[in-house]
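Remarks on the structure that follows.
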Amino acid sequence: MENVTLSVKGMSCGHCVKAVEGGVGELNGVKSLTFLFHTAKVTVAFSPSQLTVQDIK
Numbered sequence: 420m421e422n423v424t425l426s427v428k429g430m431s432c433g434h435c436v437k438a439v440e441g442g443v444g445e446l447n448g449v450k451s452l453t454f455l456f457h458t459a460k461v462t463v464a465f466s467p468s469q470l471t472v473q474d475i476k
C-alpha cells in the first residue's frame with residue numbers, strides 16, 4: 420500500500436468530499452481516503468500495482 424497527499428482546489432464542504440469519494444474513492448485499488456479541510460488536501464491510500472498517482476489525479 421502506498422499513500423499520496425493531493426491538493427483539492429475549492430474543497431470546503433461535505434458536498435466536495437462526496438464528489439471526491441464518488442470519483443477517486445471508486446477507483447479499483449483505492450483503499451481509503453483521508454480529508455484535511457484546513458489544508459484542502461486528501462490523502463489516498465492505494466495499491467501501486469493497480470493504479471498510479473496520475474490515475475488518481
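Note that this note's numbering gives residue 454 to position 35 of the sequence shown, counting from 1, and the numbers run on in steps of one.
Backbone N, C-alpha and C fix where the C-beta goes; we use that ideal spot for every residue, glycine too.
(message) Which residue wins for smallest C-alpha separation from K437, given the options G448, T424, L452 and V423?
(response) Minimum Cα distance to K437 is reached at L452.
(message) Tell me which residues share the same chain as L470 and place their Cβ nearer than 8 angstroms to its Cβ, disregarding the 5 neighbours each side in the sequence.
(response) The residues are L446, N447, G448 and V449.
(message) At the level of alpha carbons, what is the spacing between N422 and V463?
(response) In this structure, the straight-line span from the alpha carbon of N422 to that of V463 is close to 5 angstroms.
(message) Helix, strand or coil for T471? Go by DSSP, reduced to three states.
(response) In the structure shown, T471 falls within a coil segment according to DSSP collapsed to helix, strand and coil.
(request) Look at the alpha carbon of S431 and the alpha carbon of L425, and state the distance between them as a whole number of angstroms. (result) One alpha carbon belongs to S431, the other to L425, and they sit about 15 angstroms apart.
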